[in-house]
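Below is one structure; the comments refer to it alone.
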Amino acid sequence: MIKSFILLGCLTVCSIASPAYYGYNGPSSRYSHIPKAAYAIPAPSYASPKASYAEPLYDHKPQPYSFGYDINDGYGNKNHQQEEGDEYGAKRGSYGYTDAHGIYRKVDYVADKHGFRATVSTNEPGTAPKDPADVKMIAKEPPTHSVYAAPAYLRPSYASYGPSKSDYSRPDYRMDSYHSSPYGPRRHY
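Heads up: the sequence shown is residues -17 to -1, 1 to 172, going by mature numbering (1 follows the signal peptide of the UniProt record, and there is no 0).
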């Protein structure tokens, strides 16, 4: 009797250990060979790629040009720039702004074979005449009058804290002359 239980247990373990049929290319519990590739795998190349074309060389000579703009936004603020370049690569120009308070800054500059040189003309407060690097500062006093007027403070007006002057009439407690349907189910007996 014990032998039959052991035999039944072994058969049960063997039937559970083997997977069921899962169809074509399903999982397998058998060992098999590793399939070989149908083509020859190339050996890895670690060399740097070579350019397949030569980059064309362009000889760009500077062309003379001139451009500029002048913007006025209608609120007293102005912004401008003017620049021109010659056939040797030198550039001359100026740019600047003026705000509604009369404070302005204008920068005149030259960039050529001797380097970049700028002259700043301004009346901004806090600009003492110094010459940092190769920049010449021409500082003037800021304007004494101001176009801007500070807004006047208007105190809020509050209503008086007395008794209410509203006249409330006596409520009308008449019954409605029509019958409205009540919400929910209506009982009929």
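Ideal Cβ placement from N, Cα and C applies to all residues, glycine included.
- In the structure shown, Thr(-6) adopts helical secondary structure according to DSSP, grouped into three states.
- Judged by pairs of C-beta atoms under 8 Å, the stretch 27 to 35 does not touch the stretch 47 to 58, as fewer than three such pairs exist.
- Taking a contact as a CB-CB distance under 8 Å, the pair His63 and Gly76 does not count as one, their CB atoms being some 11 Å apart.
- Setting aside the 5 residues that flank it on each side, Pro45 is surrounded in the same chain by Glu70 and Gly72, each with a C-beta closer than 6 Å to its C-beta; the list follows chain order.
- Between the alpha carbons of Gly59 and Val90 lies a distance of about 20 Å.
- Taken in chain order, the whole beta strand (DSSP E) runs of length 3 or more contained in the stretch 70 to 120 are 74 to 81, 87 to 95 and 98 to 105.
- Ranked by Cα distance from Lys96, the options Lys74, His84, Glu107 and Lys61 are led by Lys74.
- In the structure shown, the three-state DSSP call for Ile24 is coil.
- DSSP, reduced to helix, strand and coil, places Ser49 within a strand of the structure shown.
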